[in-house]
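For the sequence shown, the UniProt record's numbering assigns the number 1 to the initial residue and increments by one for each residue that follows.
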Amino acid sequence: MTLYQFSSIYTSPLVVTEFFPVIFKFDGERMMASESYFWDMYSTTMQAINFYYYLLISDEKNKSIGVKSKDTVAFVEKNFLQGIKEALNHYLDTYHEKKKEFEGHVHSGDHTHTADSKSSPPISSYELGGIDEDKLTATEELELINSRVMNLSIMQDVLDRVQALLDS
Numbered sequence: 001m002t003l004y005q006f007s008s009i010y011t012s013p014l015v016v017t018e019f020f021p022v023i024f025k026f027d028g029e030r031m032m033a034s035e036s037y038f039w040d041m042y043s044t045t046m047q048a049i050n051f052y053y054y055l056l057i058s059d060e061k062n063k064s065i066g067v068k069s070k071d072t073v074a075f076v077e078k079n080f081l082q083g084i085k086e087a088l089n090h091y092l093d094t095y096h097e098k099k100k101e102f103e104g105h106v107h108s109g110d111h112t113h114t115a116d117s118k119s120s121p122p123i124s125s126y127e128l129g130g131i132d133e134d135k136l137t138a139t140e141e142l143e144l145i146n147s148r149v150m151n152l153s154i155m156q157d158v159l160d161r162v163q164a165l166l167d168s
């Protein structure tokens, strides 16, 4: 098999042997230890997941890529997907807890949450991915939490689609 047989490097086995070790690596420990690092890397991580999804779809049509070989799937699972899934579940749990705590304070009357209430202190001290949460109003903090949960849900959806292709 030669590279000339393929219309693109993305439809050749070279994408697996040359690009996968570079693209599909995930520092799960660092992602779990630093919420701001996780969010700094969110876009890059999503691009890598979507690229893998694209390659899985392409491999359905052109079986010569090798994306679904046992070795390749095991490599991506071990070095990339496993850490992402752990970080995703960690942050989903974290944000759901923050939201529950936040809503508990709001419902108990401890905190107002009007949009223009800049003088209101935050509910508690959270590290929210590089954003100075001490300067957020209650409404802004809740909006940020909801936004993060939505982004994590999008990541979960793409991972579910990847898993469906791997299982097919």
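Glycine included, C-beta positions come from ideal geometry on N, C-alpha and C.
For Leu159, the CB contacts under 8 Å within the same chain, skipping 5 residues up- and downstream, are Ile49, Leu81, Ile84, Lys85 and Leu88 in chain order. The three-state reading of DSSP puts Leu92 in helix, counting H, G and I together.
By the beta-carbon neighbour count (other beta carbons within 10 angstroms, threshold 16), Ile57 is exposed. Leu136 carries a coil assignment under DSSP once its states are collapsed to helix, strand and coil. Counting the other CB atoms within 10 Å of its CB gives Val162 a total of 16 or more, which places it among the buried residues.
In the structure shown, Asn79 falls within a helical segment according to DSSP collapsed to helix, strand and coil.
Distances from the CA of Gln156 to each of Asp27, Glu18 and Tyr53 were compared; the closest alpha carbon is that of Tyr53. Between Val15 and Thr72, the CB-CB gap reaches or exceeds 7 Å. Per DSSP, the unbroken alpha helix (DSSP H) holding Met31 starts and ends at Gly28 to Ala33. For Tyr37, same chain residues with a beta-carbon under 6 Å away, outside a window of 5 residues either side, are Arg30 in chain order. For Phe51, the enclosing alpha helix (DSSP H) starts and ends at Tyr42 to Lys61. Listed in chain order, the non-local C-beta contacts of Ala74 below 6 Å within the same chain number zero, local neighbours out to five positions each way being set aside. In the structure shown, the three-state DSSP call for Ile65 is coil.
Nearest to Ile145 by alpha-carbon distance, out of Glu103, Phe51, Leu166 and Met41, is Glu103.
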